[in-house]
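When we follow our numbering, the leftmost residue of the sequence shown carries the number 2, and every step to the right adds one.
First the structure, in the form of structure tokens, and then the observations on it.
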Amino acid sequence: MVRKDRVRVMSWVMEHANDNLRILENAKQLCYQLGLPNFITNVRWTDLIDYRSIKIGEPREGEKGVRRVPSYQPLVLHDQVILAERMIDKLSPEEWGPLIASSLIYEKKLSTERHAKFAKDMALPILAVLGALALTAFLRYVWLYIVLGIFVGPGFVIYGALRYGTNQTRLRLEADSETTKVLTENSLLDVLSKIQSLGLKEEADRFDGTPSIMQRIDNLQAPKSEV
């Protein structure tokens, strides 16, 4: 079944080579508008991606490291723009532009900020854990090591994952807001509203920080604060 789907996608790409080329050229033009190097060389269509190897192949849903490509959120990986396969024929090449622009801003212009924010959020918990370990070693309370291992360790991992997801969500929404300053103000909102009207069943991943389509729409519709 997966093989048939891949053949169908390849057949569509060949039949719509001009559309795919227009999406690629639009992505390159967006790099220029955003002041980024012209690094995009390919547009790929797939519903699943393996984040462990960053290879576009035939990963199976449910496998470790495998995630669904959101229908409303293109991914920018290395020199490729990754689009959800289930969105084939749903949008015109021009309609993909605002979505790709937001992804470019998030991945390339906000990357330093998101790494710095995550490091800052994790600094205090890390110091607290190290302090607890040092105190435990000093007092020689072996049972405290067990408590730390059972409760603090997993709690630290969960906290880190939640903070990471929260920061990613905030920055993705910030990228949407920045997109409206570069492109036509309502272009991104119009495309997201169109995708929403398709009635696709999409679930945001809280841990990887991808906001839901309604979060993105609400963010763009929110009144802009006056400076």
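Even for Gly, the Cβ is constructed at its ideal location relative to N, Cα and C.
Cβ neighbour criterion (16 or more within 10 Å) applied to residue i
i, result
"residue 104", "buried"
"residue 215", "exposed"
"residue 200", "exposed"
"residue 222", "exposed"
"residue 95", "exposed"
"residue 185", "exposed"
"residue 228", "Its pLDDT being 41, under 50, residue 228 is placed unreliably in this model, and the value from its coordinates should be taken loosely. The residue is exposed, with fewer than 16 neighbouring Cβ atoms inside 10 Å."
"residue 28", "buried"
"residue 22", "exposed"
"residue 75", "buried"
"residue 18", "exposed"
Same chain only: Cβ atoms within 8 Å of residue i, ignoring 5 sequence neighbours per side
i, result
"residue 220", "174, 177, 178, 212"
"residue 87", "48, 72, 201"
"residue 203", "71, 72, 73, 213, 214"
"residue 218", "190, 193, 194, 197"
CB contact check: residue i to chain B, cutoff 8 Å
i, result
"residue 88", "In the structure shown, chain B does not exist; there is a single protein chain."
Contact set for residue i: own chain, Cβ-Cβ below 6 Å, skip 5 residues either direction
i, result
"residue 26", "none"
"residue 42", "80"
"residue 40", "80"
Under the three-state DSSP convention, the category residue i falls into
i, result
"residue 67", "strand"
"residue 22", "helix"
"residue 174", "helix"
"residue 216", "helix"
"residue 74", "coil"
"residue 168", "helix"
"residue 195", "helix"
"residue 111", "coil"
"residue 202", "coil"
"residue 182", "helix"
"residue 187", "coil"
"residue 224", "coil"
"residue 210", "coil"
Whole-angstrom C-beta distance between residue j and residue i, which should lie under 8 Å
i, j, result
"residue 71", "residue 180", "Residue 71 to residue 180, Cβ: 16 Å. No contact."
"residue 73", "residue 196", "5 Å"
"residue 45", "residue 89", "About 12 Å; that fails the 8 Å criterion."
"residue 111", "residue 172", "5 Å"
"residue 109", "residue 37", "5 Å"
Neighbourhood of residue i by C-beta, 7 Å cutoff - its chain only, sequence neighbours within 5 removed
i, result
"residue 183", "34, 35, 102"
"residue 24", "44, 94, 97"
"residue 85", "48, 70, 71, 72"
For a minimum of 3 consecutive residues, which ranges assigned as the beta strand (DSSP E) are wholly contained in the region 29-56?
Every unbroken stretch of the beta strand (DSSP E) spanning 3 or more residues and falling wholly within the region 29-56 is given here in chain order: 43-46, 49-51.
Any chance you could list the alpha helix (DSSP H) runs of at least 4 consecutive residues sitting entirely within the region 76-108, in chain order?
Inside the region 76-108, DSSP marks whole alpha helix (DSSP H) runs of 4 or more residues at positions 94-105, from first to last along the chain.
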